[in-house]
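Here the structure is laid out as structure tokens; the discussion comes afterwards.
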Amino acid sequence: MWRASVLTIFPDIFPGPLGASLAGKALAAGAWSLDVVDIRAFATDKHRTVDDTPAGGGPGMVMKPDVLGRAIDATAADDRPRLLLSPRGTPLTQARVEALAVGAGALLVCGRFEGVDERVIAGRGLEEVSIGDYVLSGGELAAMVLIDACVRLLPGVMGDEASRTEESFSEGLLEYPQYTRPQVWEGRPIPEVLTSGDHGRIAAWRREEAERLTEERRPDLWIRHRSAQPLPNGERSQAQRAGEGGRNSGVGSPSPAPQASPSDRPLPGGER
Ligand code: ADE
């Protein structure tokens, strides 16, 4: 069973949204498990202190390595990845989510205050992961996001829906627009092509819309997508050849910031 162990000073906010909807049903059905560990329970003083002032001065408080170290040791006797949710972490991608979802689960440490003592990060092999370039007040919501993204991929949790969305992302394009009845809503009709019954035209329209939205909203994904397309003569582009050094080779990397993106996974031809 896929196991999430969450270390937090706010244990009461879990499972929160993970207890509802598909993730909640899967939790109740035993498709995954959630242990929530109160870091404060590992403090030894009478005030149950988990933080202290930063060495060298400065604002805020830092999570103490001794308390957090004991909490981790009491929780993780296995080899699941140990992640620290932090805005300075490596951006979470769909590729990473997929890799985590096929594993045994994860230990998730929710940071608070100005940060976590660097020695416990090194000493317990914590890998810092960010869910985006903005700062939350703590890692709890980020941990929920990560768990939700993994759980929906577990066998039997979502049926066919997950694979459909992932297929669209695997091409490095954003999802095309969707419509459902009524045929006309507030004077806006469903695009005629979608009710034409012509599957070839529908597929072409969806492709064009996916490309249009990707180019408009995510120039980073668009450049990457375009450089992964075969040239008209069937050869591969210079960008594709240069990219053969593999992940993070940096050579010919088409996007200025190869950051968290749904296309950060192999494309169908094994090309990126
Ligand atoms: N904690 C605070 N901000 C965060 C972020 N953006 N990602 C992960 N953890 C965080």
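Residues in the sequence shown are numbered consecutively from 56, following this note's numbering.
Even for Gly, the Cβ is constructed at its ideal location relative to N, Cα and C.
Small disclaimer: the values here were computed from a predicted structure and weren't measured.
- Spatial neighbours of residue 122 in its own chain (CB-CB distance under 7 angstroms, excluding positions within 5 residues in sequence) are listed in chain order as 94, 97, 98 and 105.
- Setting aside the 5 residues that flank it on each side, residue 166 is surrounded in the same chain by 118, 139, 140, 141, 193 and 194, each with a C-beta closer than 8 angstroms to its C-beta; the list follows chain order.
- Apart from the 5 residues on each side of it in sequence, residue 196 has no Cβ closer than 7 angstroms to any other Cβ in its chain.
- A Cβ-Cβ contact shorter than 8 angstroms links residue 81 with residue 209.
- Within a 10 Å sphere around the beta-carbon of residue 199 sit 16 or more other beta-carbons, which makes this residue buried.
- Ligand 1 never approaches residue 234 closely enough for any of its heavy atoms to be under 7 angstroms from the residue's Cβ.
- Residue environment analysis places residue 251 among the exposed positions, since fewer than 16 neighbouring C-beta atoms fall within 10 angstroms of its C-beta.
- Relative to ligand 1, residue 191 has its C-beta within less than 7 angstroms of a heavy atom.
- At the C-beta level, residue 264 and residue 234 stay beyond 8 angstroms of one another.
- Separation of the CB atoms of residue 86 and residue 214 is rounded to 13 angstroms, and the pair is thereby denied contact status at 8 angstroms.
- Under the DSSP assignment, residue 164 falls in the beta strand (DSSP E) whose first and last residues are 160 to 165.
- Fully enclosed beta strand (DSSP E) runs of no fewer than 3 residues occupy 87 to 93 of the stretch 63 to 106, in order along the chain.
- Taking the Cα of residue 61 as reference, the smallest distance to any Cα among 188, 79 and 137 is reached at 137.
- If the five residues before and after residue 242 are omitted, its C-beta is found closer than 8 angstroms to no C-beta atom of its own chain.
- Around the beta carbon of residue 286, fewer than 16 other beta carbons lie within 10 angstroms, which makes this residue exposed.
- In this structure, the alpha-carbon of residue 147 lies about 25 angstroms from that of residue 67.
- Per the coordinates, the alpha-carbon of residue 160 lies some 24 angstroms from the alpha-carbon of residue 174.
- Here residue 189 has 142 as same chain residues with Cβ atoms under 8 angstroms from its own Cβ, once five neighbours each way along the sequence are excluded.
- For residue 120, the enclosing alpha helix (DSSP H) stretches over residues 120 to 130.
- Rounded to whole angstroms, residue 77 and residue 224 show a C-alpha spacing of 21 angstroms.
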